[in-house]
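> When the sequence shown is numbered by this note's numbering, its final residue is 233 and no position is left out of the sequence of numbers. For every residue, glycine included, the Cβ atom is placed at its ideal position computed from N, Cα and C. Please read these numbers as outputs of a predicted model, since none were measured by experiment.
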Amino acid sequence: MNRARRPLTAELVCITLLLTSCIKPNTFDPYANPGRQELDRLQQIVNQRPDLETVQQQLANLDATIRAVIAKAKYSQQTVFSHLKIDNPTNGCKQPFTRSIGRQEESDHFLGRPAATQEQWLQIVTDLAPVFKAAGFRPNNSAPGDPPLPLGSANDSQIRDDGTLIDLVNGDAHSPLAYSYDTGCHLPAAWRTAPPPPNMRPPNDPDVHYPYLYGSPGGRSRDAY
Numbered sequence: 009m010n011r012a013r014r015p016l017t018a019e020l021v022c023i024t025l026l027l028t029s030c031i032k033p034n035t036f037d038p039y040a041n042p043g044r045q046e047l048d049r050l051q052q053i054v055n056q057r058p059d060l061e062t063v064q065q066q067l068a069n070l071d072a073t074i075r076a077v078i079a080k081a082k083y084s085q086q087t088v089f090s091h092l093k094i095d096n097p098t099n100g101c102k103q104p105f106t107r108s109i110g111r112q113e114e115s116d117h118f119l120g121r122p123a124a125t126q127e128q129w130l131q132i133v134t135d136l137a138p139v140f141k142a143a144g145f146r147p148n149n150s151a152p153g154d155p156p157l158p159l160g161s162a163n164d165s166q167i168r169d170d171g172t173l174i175d176l177v178n179g180d181a182h183s184p185l186a187y188s189y190d191t192g193c194h195l196p197a198a199w200r201t202a203p204p205p206p207n208m209r210p211p212n213d214p215d216v217h218y219p220y221l222y223g224s225p226g227g228r229s230r231d232a233y
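#1: DSSP beta-bridge partners for residue 110?
#2: Roughly how many angstroms lie between the CA atoms of residue 197 and residue 140, to the nearest whole one?
#3: Note down the Cα distance separating residue 129 from residue 199, rounded to an integer number of angstroms.
#4: Going by DSSP, what residue range makes up the alpha helix (DSSP H) through residue 138?
#5: Closer than 8 angstroms is the cut-off here; do at least three beta carbon pairs connect the segment 154-168 with the segment 177-195?
#6: Taking contact to mean at least 3 C-beta pairs separated by less than 8 angstroms, is the segment 134-148 in contact with the segment 214-229?
#7: Between residue 74 and residue 230, what straight-line distance do the alpha-carbon atoms span, to the nearest angstrom?
#8: Should residue 63 and residue 191 be called a contact, given that it needs their Cβ atoms to be closer than 8 angstroms?
#9: What is the rounded straight-line gap between the Cα of residue 123 and the Cα of residue 88?
#10: Closest by CA to residue 120, which one among 188, 228, 227?
#11: Can you give me the C-alpha to C-alpha distance between residue 127 and residue 69, rounded to a whole angstrom?
#12: Please name the residue, chosen from 205, 104, 114, 155, that lies closest to residue 248 on a Cα-to-Cα basis.
#13: Rounding to the nearest angstrom, what Cα-Cα distance links residue 148 and residue 213 in this structure?
#14: Going straight from the alpha carbon of residue 60 to that of residue 93, what length do you get?
#15: In whole angstroms, what separates the C-alpha of residue 216 from that of residue 225?
#16: With a Cβ-Cβ cutoff of 8 angstroms, do residue 204 and residue 109 count as a contact?
#17: Quick one: grab the DSSP three-state call for residue 186.
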């Protein structure tokens with residue numbers, strides 16, 4: 009009987025070792041700390057992106073163009089444009105960069121009621137297509153791995169390699185045209201030469217400094233919450 013149990017015990021040990029070697033800290037809880045190695049990988053992505061101020065200026069210029077194109081599309085005289093104010097956190101970024109050192113800002117939401125007609129919408133997205141391409145954007149309106157939706161689809165949202173997002177969606181009889189943008193997670197320029205302001209540093213790691221890594225050349229020493 010003991011001989012029969014030994015192979016089974018050995019198999020269980022092997023399976024346990026195999027599973028534990030593959031399981032990541034956030035396998036069962038996507039919001040758990042993924043570990044220092046993964047946090048360094050994410051931080052290096054943020055470090056390599058343009059400064060936050062550069063992206064903000066690019067989006068401000070692009071915002072003016074987008075609004076002008078929407079206004080030019082022979083939009084109904086009955087259309088009412090409004091803004092939905094968005095409050096941005098003083099520091100921090102969205103998933104997967106919630107534990108990274110950086111900042112992320114979302115614009116106010118621009119709403120047009122009633123939504124554009126199909127003809128007006130097609131004119132808007134056709135005029136904006138070369139503008140988005142010149143600014144480095146690509147369509148972000150389909151599931152990962154699927155081709156983008158055809159031009160003229162109600163969702164004409166865009167994404168750029170540095171994490172910058174543009175949400176541009178036409179509504180219908182019951183919902184407005186909606187437009188907003190998001191900078192993605194970036195470092196303010198000053199954070200590359202000096203630490204963030206005290207109230208924007210991790211509360212358990214007040215001595216953080218660029219490049220904000222756990223590994224060499226360093227910058228972080230305490231595990232992120």
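Looking at the coordinates:
#1: Bridge partners of residue 110: none, in fact.
#2: Across the structure, residue 197 and residue 140 are spaced so that their CA atoms are roughly 25 angstroms apart.
#3: Rounded to the nearest angstrom, the two C-alpha atoms are 41 angstroms apart.
#4: Residues 126-142.
#5: Judged by Cβ distances under 8 angstroms, the segment 154-168 makes contact with the segment 177-195, as three or more pairs qualify.
#6: Touching, no.
#7: Each residue's alpha carbon lies about 43 angstroms from the other.
#8: Yes.
#9: Roughly 10 angstroms separates the two Cα atoms.
#10: The option with the nearest alpha carbon to residue 120 is 188.
#11: Straight through space, the alpha carbons of residue 69 and residue 127 are spaced by roughly 26 angstroms.
#12: Residue 248 falls outside the range modelled here, since the chain spans only 9 to 233, and no answer is possible.
#13: About 36 angstroms.
#14: Separation of residue 60 and residue 93 (C-alpha to C-alpha, rounded to the nearest whole angstrom) is 20 angstroms.
#15: Cα to Cα, the separation comes out at about 12 angstroms.
#16: In contact: residue 204 and residue 109 (Cβ atoms closer than 8 angstroms).
#17: Here DSSP, grouped into helix, strand and coil, assigns residue 186 to strand.
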